[in-house]
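S.K.: Residue numbers (full-length UniProt numbering): 1 to 270.
This is the structure I want to talk about, given as structure tokens.
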């Protein structure tokens, strides 16, 4: 499998912002509306996401280190899955039957690898845009020996629309997505009503969605959007304590040292 050129390929999740992308994980480049249209029928794609959608990332080249490039060349075929316009068979993709967690925008893969190692009885499907992030996670997979991670390098909306069956995911992780801080760019934020409605329809009842951000206004938007989705219920009064399974990365530690508040949100699918 050849790695995608981000200037040609429609890739996935949240592009880590210029600020987040420069600082995320060890300094490496990379995270009250009513229920959205279509949320009443959990098996349909919201109308707002049909056809051409506003992407939450921008196409740009991502520099890979020699180690990341080598990991792509040697291990892409082993751990990555090609994008397809049909539902993904989790059992076939992972070689076993286990609860599957989707992570959107895994950055450099530090958190993904650590959680997958901690929760070895679950499958982790990571979706990421950038070559450097894909290479970094492939390198972490090989070095750590974890075998319960698969990668898709493609646009997250299209992956969820076309590859993820309704009521099939045990959980969704969205950590430190690009905050798109300028008001005119807020429409590019990943956590929007129509996308959360789509995600909620793909989570099985009893499953969860866990978001985290260090941008206060984005945290407020996340809380409003998630609270407005009819298929989700907050597990806390507002923001949740950081779950033990989510490690504190170097990026997060640096943010806390600078006085940035980190906010977690955990909602259950009803």
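All C-beta atoms, glycine included, are put in the ideal place defined by N, C-alpha and C.
Quantities reported herein were computed from a predicted structural model and do not represent experimental measurements.
1. Across the segment 141-160 and the segment 112-132, are there enough close Cβ pairs to call them in contact, namely three or more that are closer than 8 Å?
2. How many angstroms separate the CA atom of residue 248 from the CA atom of residue 242?
3. Helix or strand or just coil, what does DSSP make of residue 135?
4. Strictly by DSSP, which residues pair up with residue 264?
5. Look up residue 115 in the DSSP assignment and say whether it is helix, strand or coil.
6. Given a cut-off of 8 Å on the beta-carbon distance, is the pair residue 260 and residue 214 in contact?
7. Starting from residue 194, trace the alpha helix (DSSP H) in both directions and tell me its first and last residue.
8. Using CA coordinates, which residue listed in 80, 231, 108, 86 is at the minimum distance from residue 67?
9. Report, in whole angstroms, the separation of the C-beta atoms of residue 104 and residue 190, which I expect to be a contact under 8 Å.
10. Do residue 226 and residue 265 have their C-beta atoms closer together than 8 Å?
11. Write down every uninterrupted run of the alpha helix (DSSP H) in the segment 155-197 whose length is 4 residues or greater and which is fully enclosed by it, in chain order.
12. Could you tell me whether the segment 197-216 touches the segment 172-186, using the rule of 3 or more Cβ pairs below 8 Å?
13. Can you give me the C-alpha to C-alpha distance between residue 58 and residue 268, rounded to a whole angstrom?
14. Beta strand (DSSP E) containing residue 124: first to last residue?
15. Quick check on residue 270: buried or exposed, where buried means 16 or more other Cβ atoms within 10 Å of its Cβ?
16. What three-state label does DSSP hand residue 269 in the structure shown?
17. Counting only the same chain and skipping the five closest in sequence on each side, list residues whose C-beta sits under 8 Å from that of residue 42.
18. For the beta strand (DSSP E) that contains residue 103, what are its first and last residues?
19. Pop quiz: residue 92 and residue 146 are said to be a contact at Cβ under 8 Å. What is the actual Cβ separation, rounded to whole angstroms?
20. Out of 263, 251, 221, 164, which one is the CA nearest neighbour of residue 102?
21. Is residue 207 helix, strand or coil by DSSP?
22. How long is the line joining the alpha carbons of residue 253 and residue 110, rounded to whole angstroms?
23. Is it right to say residue 171 is buried, meaning 16 or more other beta carbons lie within 10 angstroms of its own, or is it exposed?
24. Within its chain, find whatever has a CB closer than 7 Å to the CB of residue 133; leave out the 5 residues flanking it on each side and keep chain order.
25. Kindly give me the distance between the Cβ atoms of residue 87 and residue 150, rounded to whole angstroms, as I take these residues to be in contact under 8 Å.
26. Comparing C-alpha positions only, which one of 131, 100, 130, 129 sits nearest to residue 119?
27. So who's on the other strand from residue 276, going by DSSP bridges?
28. Count the other CB atoms within 10 Å of the CB of residue 83; is the residue buried (16 or more) or exposed (fewer)?
M.R.: Well, looking at it:
1. yes
2. Translated into positions along the chain shown, residue 248 becomes position 248. Translated into positions along the chain shown, residue 242 becomes position 242. Cα-Cα distance, rounded: 9 Å.
3. Residue mapping note: residue 135 aligns to position 135 of the chain shown, counting from 1. Correct three-state label for residue 135: helix.
4. Mapped onto the chain shown, residue 264 falls at position 264. Beta-bridge pairing links residue 264 to 212, 240.
5. By one-based count along the chain shown, residue 115 stands at place 115. If DSSP states are grouped into helix, strand and coil, residue 115 belongs with the helices.
6. For the purposes of this step, residue 260 is identified with residue 260 of the chain shown, where counting begins at 1. For the purposes of this step, residue 214 is identified with residue 214 of the chain shown, where counting begins at 1. Result yes, Cβ atoms of residue 260 and residue 214 sit closer than 8 Å.
7. Residue numbering aside, residue 194 sits at position 194 when the chain shown is read from its first letter. Segment 193-202, the alpha helix (DSSP H) holding residue 194.
8. As a first step, residue 67 must be located in the chain shown, where it is residue number 67. Closest option to residue 67, Cα to Cα, is 108.
9. In the chain shown, counting from the first residue as 1, residue 104 sits at position 104. In the chain shown, counting from the first residue as 1, residue 190 sits at position 190. Residue 104 to residue 190, Cβ: 7 Å. Contact.
10. Within the chain shown, residue 226 is the residue found at index 226, counting from 1. Within the chain shown, residue 265 is the residue found at index 265, counting from 1. It is a contact, given that the beta carbons lie within the stated cut-off.
11. 156-163
12. With a cut-off of 8 Å, the segment 172-186 and the segment 197-216 count as touching, because enough Cβ pairs lie within range.
13. The count along the chain shown starts at 1 and reaches residue 58 at position 58. The count along the chain shown starts at 1 and reaches residue 268 at position 268. For residue 58, the predicted model reports a pLDDT of 49, less than 50, meaning its position is unreliable; a value from the coordinates is still stated below. The C-alpha of residue 268 is placed about 31 Å away from the C-alpha of residue 58.
14. One-based indexing of the chain shown puts residue 124 at position 124. Per DSSP, the continuous beta strand (DSSP E) segment holding residue 124 begins and ends at 123-127.
15. Residue 270 sits at position 270 when you count from the first residue of the chain shown. So residue 270 counts as exposed.
16. Walking along the chain shown from the start, residue 269 turns up at place 269. Looking at residue 269 - three-state DSSP - the assignment turns out to be strand.
17. The count along the chain shown starts at 1 and reaches residue 42 at position 42. Since pLDDT at residue 42 reaches only 35, below the 50 mark, its modelled position is unreliable, and the value read off the structure follows with that caveat. Counting only Cβ-Cβ distances below 8 Å, and skipping sequence neighbours, we find 166, 167, 200, 201, 231.
18. Numbered from 1 along the chain shown, position 103 holds the residue referred to as residue 103. Counting along the chain, the beta strand (DSSP E) containing residue 103 begins and ends at 100-104.
19. Reading the chain shown from its first residue, position 92 is the one you call residue 92. Reading the chain shown from its first residue, position 146 is the one you call residue 146. No, residue 92 and residue 146 are not in contact; Cβ-Cβ is about 19 Å, not under 8 Å.
20. Stepping through the chain shown from its first residue, residue 102 is reached at position 102. Checked all of 263, 251, 221, 164; the closest Cα to residue 102 is 164.
21. Within the chain shown, numbered from 1, the residue matching residue 207 stands at position 207. In the structure shown, residue 207 sits in a strand (DSSP, three-state: E or B).
22. Translated into the one-based positions of the chain shown, residue 253 becomes position 253. Translated into the one-based positions of the chain shown, residue 110 becomes position 110. Using only the alpha carbons, I get a separation of about 13 Å.
23. Sequence index remark: in the chain shown, residue 171 carries index 171 (1-based). Buried, by the Cβ-count rule.
24. Here residue 133 corresponds to residue number 133 of the chain shown, with the count starting at 1. Within the same chain, residue 133 has close Cβ partners 30, 106, 107, 108, 109.
25. Residue mapping note: residue 87 aligns to position 87 of the chain shown, counting from 1. Residue mapping note: residue 150 aligns to position 150 of the chain shown, counting from 1. With a Cβ gap of about 15 Å, residue 87 and residue 150 do not count as contacting.
26. Counting from 1 along the chain shown, the entry for residue 119 is found at position 119. Considering only 131, 100, 130, 129, the residue with the shortest C-alpha distance to residue 119 is 100.
27. The requested residue 276 is not part of the displayed model; the chain covers only 1 to 270.
28. As a working note, residue 83 is residue 83 in the chain shown. Burial call: buried.
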